[in-house]
Amino acid sequence: METHRNESEPLIDVAALSADTRYRLVRFRGHGTEPLDEQEFRAEAGRFFPAIDLDDPEQVHWADHPWEWPAWRPGEA
1 METHRNESEP
11 LIDVAALSAD
21 TRYRLVRFRG
31 HGTEPLDEQE
41 FRAEAGRFFP
51 AIDLDDPEQV
61 HWADHPWEWP
71 AWRPGEA
């Protein structure tokens, strides 16, 4: 039996904030999941969904802390 994608699902799903990494896992509907920082997130979102409103909760679901990214400084592992 074939399952159909729920069209009410958001285009982008951002996983919970994790304290031990510089990335958040981001799932783009139809394109898979990637670990991204904020700049990469914005670029990929625009590439996959050019007309998306990143502030629309029906289009972008944040598991927690919208628009927050892990604290990370260059040189950290």
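In full-length UniProt numbering, the protein residues as written are 1 to 77.
We treat Cβ as the ideally placed atom computed from N, Cα and C, and that holds for glycine.
| task | Would you check if the distance between the CB atom of F41 and the CB atom of L11 is smaller than 7 Å? | result | The criterion of a C-beta distance shorter than 7 Å is not satisfied by F41 and L11.
Exercise. What residue from L25, S8, T33, H31 has the CA that sits closest to P66's CA?
Worked result: Ranking L25, S8, T33, H31 by Cα distance to P66 puts L25 first.
- [ ] Could you tell me whether the Cβ atoms of A16 and A63 are closer together than 7 Å?
- [x] Cβ atoms of A16 and A63: closer than 7 Å.
**Asked** What residue range is occupied by the uninterrupted alpha helix (DSSP H) comprising G46?
**Response** In this chain, the alpha helix (DSSP H) harbouring G46 covers 38-48.
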